[in-house]
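Peer 1: Following this message is one structure expressed as structure tokens.
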Amino acid sequence: MSSGPVSGARFAGRVALVTGGSSGIGAAVAERLRDEGARVASLDLTETAPEGVLALTGDVRVSAEIESAFDRAEAELGPLDVLVCSAGITGDSLRTVEVTDEEWRRVLAINADGVFFCNRAVLPGMVERGYGRIVNVSSIAGKEGNPMAGAYSASKGAVIALTKAIGKDVARTGVLVNCVAPAVIETPILEGITREHIDYMVERIPMGRMGQPEEVAALVCWLASEECSFSTGATYDISGGRAVY
Numbered sequence: 002m003s004s005g006p007v008s009g010a011r012f013a014g015r016v017a018l019v020t021g022g023s024s025g026i027g028a029a030v031a032e033r034l035r036d037e038g039a040r041v042a043s044l045d046l047t048e049t050a051p052e053g054v055l056a057l058t059g060d061v062r063v064s065a066e067i068e069s070a071f072d073r074a075e076a077e078l079g080p081l082d083v084l085v086c087s088a089g090i091t092g093d094s095l096r097t098v099e100v101t102d103e104e105w106r107r108v109l110a111i112n113a114d115g116v117f118f119c120n121r122a123v124l125p126g127m128v129e130r131g132y133g134r135i136v137n138v139s140s141i142a143g144k145e146g147n148p149m150a151g152a153y154s155a156s157k158g159a160v161i162a163l164t165k166a167i168g169k170d171v172a173r174t175g176v177l178v179n180c181v182a183p184a185v186i187e188t189p190i191l192e193g194i195t196r197e198h199i200d201y202m203v204e205r206i207p208m209g210r211m212g213q214p215e216e217v218a219a220l221v222c223w224l225a226s227e228e229c230s231f232s233t234g235a236t237y238d239i240s241g242g243r244a245v246y
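In this note's numbering, the protein residues as written are 2 to 246.
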């Protein structure tokens, strides 16, 4: 499904880095940024990325690997103007009492620690240059909580709170920090959860369907552009009507 035609070159001369850019929402965002004129790098565990996008490998749980990848992106493409944090996992579909210490830490480390490390790494340069756009990918689960997804819901709630805090920290610097909260989107990440879990999420969407990565990318790229100029620390729902606050 297309989110409509891409017009103009909003990101001409801009440099962007997308985590989780090898598939799903991250790949759709990287492609749209590229198509609108940005020089784009993708940071993922595998050295795959959309055509025309610099593929970098690294584990977002490890701050040193993030910093190394960001240094390479800037060396090859130029100073980073845009960061989109899309890397994430759902974790296993488990009742709370079934979640092990290891599973809890695994989900929180990728979904929450990774976003923090990436935001922290890119902020000094953006603040020094007086311009930047950061978009963190959260989830409707971070606002409402989903059953069988305690770790995931908690990690995505952390992304929302972190975005609000960082947005306020740098509100007068020219760097804007926002996040998006999608409902269930049709991406490969769904392969890790049960049909029951997916049905639960889709049943709660008034539009009666899953969203498409390109639809999320359209919103993310507005938040990553100069058109977004008076919004920071905010959460933007893209949920087919599910979100109620």
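From the three backbone atoms N, C-alpha and C, an ideal C-beta is built for every residue, glycine too.
Looking at C-alpha atoms only, which residue of Leu-46, Ala-31, Thr-49 and Val-138 is the closest neighbour of Gly-234?
Peer 2: When only C-alpha atoms are compared, the closest one is Val-138.
Peer 1: Assuming Ile-67 and Thr-188 make a contact with CB atoms under 8 Å, what is their CB distance in whole Å?
Peer 2: Incorrect: roughly 22 Å between the Cβ atoms, too far for contact.
Peer 1: In its own chain, which residues sit with a C-beta less than 6 Å from the C-beta of Asp-238, not counting the 5 before and 5 after it?
Peer 2: Closer than 6 Å at Cβ, skipping near neighbours: Ala-182 and Ala-244.
Peer 1: Should Arg-106 go down as buried or exposed, given a rule of 16 or more other Cβ atoms within 10 Å for buried?
Peer 2: Exposed.
Peer 1: Answer yes if the segment 215-230 comes into contact with the segment 124-142, meaning at least three C-beta pairs across the two stretches below 8 Å, and no otherwise.
Peer 2: Yes, the segment 124-142 touches the segment 215-230.
Peer 1: Which same chain residues, not among the five before or five after Ala-50, have their C-beta less than 7 Å away from its C-beta?
Peer 2: Result list for Ala-50: Gly-22, Ser-23, Ala-31, Ser-43 and Ala-56, in chain order.
Peer 1: Between the C-alpha atoms of Cys-222 and Glu-37, what's the straight-line distance to the nearest angstrom?
Peer 2: Approximately 9 Å between the Cα atoms of the pair.
Peer 1: Would you report the Cα separation of Lys-144 and Gly-158, rounded to the nearest angstrom?
Peer 2: So the alpha carbons of these two residues sit roughly 6 Å apart.
Peer 1: What separation, rounded to the nearest whole angstrom, lies between the Cα atoms of Tyr-246 and Asn-147?
Peer 2: About 16 Å.
Peer 1: Less than 6 Å between C-beta atoms, sequence neighbours within five positions excluded: which residues of the same chain meet that for His-198?
Peer 2: So the list reads Ser-94 and Met-149, once near-sequence residues are dropped.
Peer 1: Going by beta-carbon coordinates alone, are Ala-17 and Asp-72 separated by less than 9 Å?
Peer 2: Contact: no.
Peer 1: Return the CA-CA distance between Arg-33 and Val-63, expressed in angstroms with no decimal places.
Peer 2: Taking the straight line joining both Cα atoms gives about 27 Å.
Peer 1: From Thr-58 to Ala-122, what distance separates their C-alpha atoms?
Peer 2: Thr-58 and Ala-122: Cα-Cα distance of roughly 16 Å.
Peer 1: Given a cut-off of 9 Å, decide if Ser-156 and Gly-79 are closer than it, judged by their beta-carbon atoms.
Peer 2: No; because the gap between Cβ atoms is not below 9 Å, this pair is not in contact.
Peer 1: Between Asp-102 and chain B, is the shortest Cβ-Cβ distance under 9 Å, so that the two count as touching?
Peer 2: In the structure shown, chain B cannot be found, because there is only a single protein chain.
Peer 1: For Thr-164 and Cys-180, I'd like the C-alpha separation in whole angstroms.
Peer 2: Taking the straight line from one Cα to the other gives about 7 Å.
Peer 1: So what's Leu-44 in DSSP terms, helix, strand or just coil?
Peer 2: If DSSP states are grouped into helix, strand and coil, Leu-44 belongs with the strands.
Peer 1: Report buried or exposed for Ala-152, applying the criterion of at least 16 other Cβ atoms within 10 angstroms of its Cβ.
Peer 2: Counting Cβ neighbours within 10 Å, Ala-152 comes out buried, since at least 16 surround it.
Peer 1: Cutting at 7 Å between CB atoms, please list the residues of its own chain near Val-128, excluding the five before and the five after it.
Peer 2: Cβ neighbours of Val-128 beyond the five flanking positions: Val-171, Thr-174 and Val-176.
Peer 1: At the level of alpha carbons, what is the spacing between Met-202 and Ile-194?
Peer 2: Distance between the alpha carbons of Met-202 and Ile-194: 11 Å.
Peer 1: Measuring straight from C-alpha to C-alpha, what distance separates Phe-12 and Arg-40?
Peer 2: For Phe-12 and Arg-40, the distance between alpha carbons rounds to 8 Å.
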